[in-house]
Amino acid sequence: MKRYGWIPDIPDQRDYLYAAPPAFLRALPARIDLRKQCPPVYDQGQLGSCTANAIGGAIEFDQMKEKLPQ
């Protein structure tokens, strides 16, 4: 590649994948149930509104998380 003038970058943090420390992973519970913190599942029926339902669910989740009135 020398004839095209390509100069490789110096490695930096973006070149490495994050891996959580093993002690942190061992401290996590084996299972967790988040259903109480999430809005109910929407039924779009035959409408094809999955994107709108996802956005609405994300907004509702944020409102629940921030303890805002619905």
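Here my numbering runs 8 ahead of the position in the sequence shown, where the first position is 1.
Glycine included, C-beta positions come from ideal geometry on N, C-alpha and C.
All figures in this text were calculated on a predicted structure; none of them were measured in a lab.
Subject >> N- and C-terminal bounds of the alpha helix (DSSP H) containing Ala66 >> reply: Run containing Ala66: Cys58 to Lys73, per the alpha helix (DSSP H) assignment.
**OP:** Please state whether DSSP places Asp30 in a helix, a strand or coil.
**Re:** One point to set straight first is that residue 30 is Pro, not Asp, in the sequence displayed. Helix at Pro30.
Subject >> Inter-residue CB distance, Pro37 and Glu68 (contact presumed, cutoff 8 Å) >> reply: With a Cβ gap of about 26 Å, Pro37 and Glu68 do not count as contacting.
**OP:** From the DSSP output, in three-state form, read off Arg43 for me.
**Re:** Helix, per DSSP.
Original post:
Where Ala28 and Lys73 are concerned, what is the direct C-alpha to C-alpha distance, given to the nearest angstrom?
Top reply: Spanning the alpha carbons of Ala28 and Lys73 requires a straight line of approximately 25 Å.
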